[in-house]
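Take a look at the structure below.
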Amino acid sequence: RPVSPDPNLTNCASIKPFIGNRTIINCCPPVSHNIMDFKLPINPIVKVRPAAHSVNATYLENYKEAIRRMKALPPNDPRNFYQQANIHCTYCEGAYKQAGFPNLDFRIHYSWLFFPFHRWYIYFYERILASLIKDLDPNFAIPFWNWDSPVGMQIPACYHIDPTSPLYDSRRNPNHLPPVLINLEYDYGKKDQNTPETNLQIMYRTVVSTSKTPTLFFGGAYRAGDYKGFSGAGGGSVEMVLHGGVHEWTGPEPADKKANGEDMGTFYSAARDPIFYSHHANLDRLWTIWKTLGGKRKDITDSDWLESGFLFYDENKNLVRVKVKDCLDTTKLGYVYQDVDVPWLYVKP
Ligand code: C2O
85 RPVSPDPNLT NCASIKPFIG NRTIINCCPP VSHNIMDFKL PINPIVKVRP AAHSVNATYL
145 ENYKEAIRRM KALPPNDPRN FYQQANIHCT YCEGAYKQAG FPNLDFRIHY SWLFFPFHRW
205 YIYFYERILA SLIKDLDPNF AIPFWNWDSP VGMQIPACYH IDPTSPLYDS RRNPNHLPPV
265 LINLEYDYGK KDQNTPETNL QIMYRTVVST SKTPTLFFGG AYRAGDYKGF SGAGGGSVEM
325 VLHGGVHEWT GPEPADKKAN GEDMGTFYSA ARDPIFYSHH ANLDRLWTIW KTLGGKRKDI
385 TDSDWLESGF LFYDENKNLV RVKVKDCLDT TKLGYVYQDV DVPWLYVKP
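Just so we're aligned: the sequence shown equals residues 85 to 433 in UniProt numbering.
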């Protein structure tokens with residue numbers, strides 16, 4: 085059976101974070117009992133999500149203004165920036181229970197829900213940002229962090245150069261700021277390697293060689309009634325290597341006890357760093373690229389995956405129920421990615 089969160093949001097519970105000092109926190113959203121079913125837009129305008137390192141000054145001003153306005157919303161407004169960050173906390177730390185299974189957590193990591201959950205999540209985040217700047221750019225699309233190409237293998241300038249910018253986050257690893265190059269398979273405490281060539285090999289290996297089937301790419305099945313904990317068991321190749329690597333490389337080392345892994349290094353706080361959404365936009369982009377690579381590299385056809393669902397607040401503060409099956413084609417949702425070079429496709433390890 086397909087899995088979904090308990091739609092009664094009053095059953096959302098406080099959580100004990102996975103790492104750090106493990107102080108109990110409540111990241112549950114405001115409650116609404118009025119749930120709308122998502123409908124794909126008819127003939128949507130197809131927006132282009134740009135590469136973060138290539139955006140122009142006007143785009144950047146609009147983006148910053150959108151985040152500024154999102155941070156300025158009342159704290160209990162579900163569109164508020166920190167409420168948006170809390171969505172990640174609830175879905176990833178076990179705040180929700182599974183519909184029909186009040187004793188089982190609903191968790192979207194380390195399973196085939198990883199890609200569709202994050203696609204929906206940043207889709208609504210983007211819709212909210214666009215609606216907050218409809219006077220400036222009603223078709224605003226979020227930028228992606230092009231870390232799979234040498235031109236994008238460091239923290240993009242827009243997130244980094246101006247400490248007064250709403251895109252800046254002081255809780256990043258101070259040893260990994262530009263011009264230091266990313267290590268796409270970074271693991272806490274291990275040495276950085278920092279060469280574009282090794283990163284391209286990691287890309288090829290992860291997205292092409294070790295992702296030959298839907299299960300290897302998306303992760304294992306997660307159905308109603310299944311137990312899912314914090315162990316990485318069930319995670320797909322991209323989630324475990326590139327996704328985790330970039331999170332751990334960006335956030336502070338857990339050895340920094342004061343830092344607790346905040347922001348990017350731990351589930352409950354990762355989305356408090358605006359760079360999170362650009363990181364996930366790139367992972368989302370890799371999903372669309374992977375589907376063009378041939379062989380068995382296609383979306384899952386199991387109805388338990390297609391019918392699995394999530395709940396999100398939209399730009400009008402309506403609680404919307406979405407299903408995996410409606411997010412498989414991004415042009416139907418109204419966006420594509422800027423067409424940039426994909427150099428790792430030609431680098432065999
Ligand atoms: Cu749900 Cu990058 O994590």
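Where a beta carbon is used, it is the ideal one built from N, C-alpha and C, also for glycine.
Backbone CA spacing between residue i and residue j [nearest angstrom]
| i | j | result |
| --- | --- | --- |
| Asn-118 | Leu-403 | 7 Å |
| Glu-391 | Asp-410 | 9 Å |
| Gly-419 | Val-406 | Position check: residue 419 holds Tyr in this sequence, whereas Gly was assumed. Rounded to whole angstroms, Tyr-419 to Val-406 spans 17 Å at the Cα level. |
| Gln-422 | Arg-133 | 6 Å |
| residue 460 | Asp-219 | Here the chain comprises residues numbered 85 to 433, so residue 460 is not present and cannot be evaluated. |
| Arg-106 | Tyr-272 | 19 Å |
| Pro-358 | Arg-152 | 11 Å |
| Val-353 | Asn-164 | Reading off the sequence shown, one finds Ser at residue 353, where the question assumed Val. Using only the alpha carbons, I get a separation of about 15 Å. |
| Pro-280 | Lys-375 | 24 Å |
| Leu-188 | Ser-195 | 15 Å |
| Ala-169 | Arg-255 | 15 Å |
| Leu-216 | Ala-150 | 6 Å |
| Asp-377 | Tyr-288 | The sequence shown places Leu at residue 377, rather than the Asp named in the question. Roughly 11 Å separates the two Cα atoms. |
| Gln-238 | Ile-266 | 5 Å |
DSSP-derived helix/strand/coil call for residue i
| i | result |
| --- | --- |
| Met-120 | strand |
| Phe-224 | coil |
| Gly-418 | coil |
| Gln-277 | coil |
| Arg-133 | strand |
| Pro-258 | helix |
| residue 38 | Nothing about residue 38 can be read from this structure; the chain reaches only from 85 to 433. |
| Lys-155 | helix |
| Arg-211 | helix |
Option nearest residue i by Cα separation, candidates the options
| i | options | result |
| --- | --- | --- |
| Asn-110 | Ser-88, Asn-95, Asn-283 and Tyr-421 | Asn-95 |
| Ser-321 | Tyr-311, Ala-343 and Thr-294 | Thr-294 |
| Gly-304 | Ile-286, Phe-185 and Met-324 | Met-324 |
| residue 75 | His-137, Pro-89 and Ser-249 | In the structure displayed, the chain extends from 85 to 433; residue 75 sits before or after that span and is not available. |
| Cys-173 | Lys-312, Ile-192 and Gly-309 | Ile-192 |
| Lys-380 | Trp-196, Pro-227, Trp-229 and Phe-301 | Phe-301 |
Residue burial classification, residue i (beta-carbon count within 10 angstroms, cutoff 16)
| i | result |
| --- | --- |
| Lys-100 | exposed |
| Asp-232 | buried |
| Val-115 | exposed |
| Gly-236 | buried |
| Lys-275 | exposed |
| Asn-400 | exposed |
Run the Cβ filter for me: residues under 7 Å from any heavy atom of ligand 1, listed in the order they occur in the chain. His-172, Cys-176, Ile-192, His-193, His-202, His-327, His-331, Phe-351, Ala-354, Phe-360, His-363 and His-364
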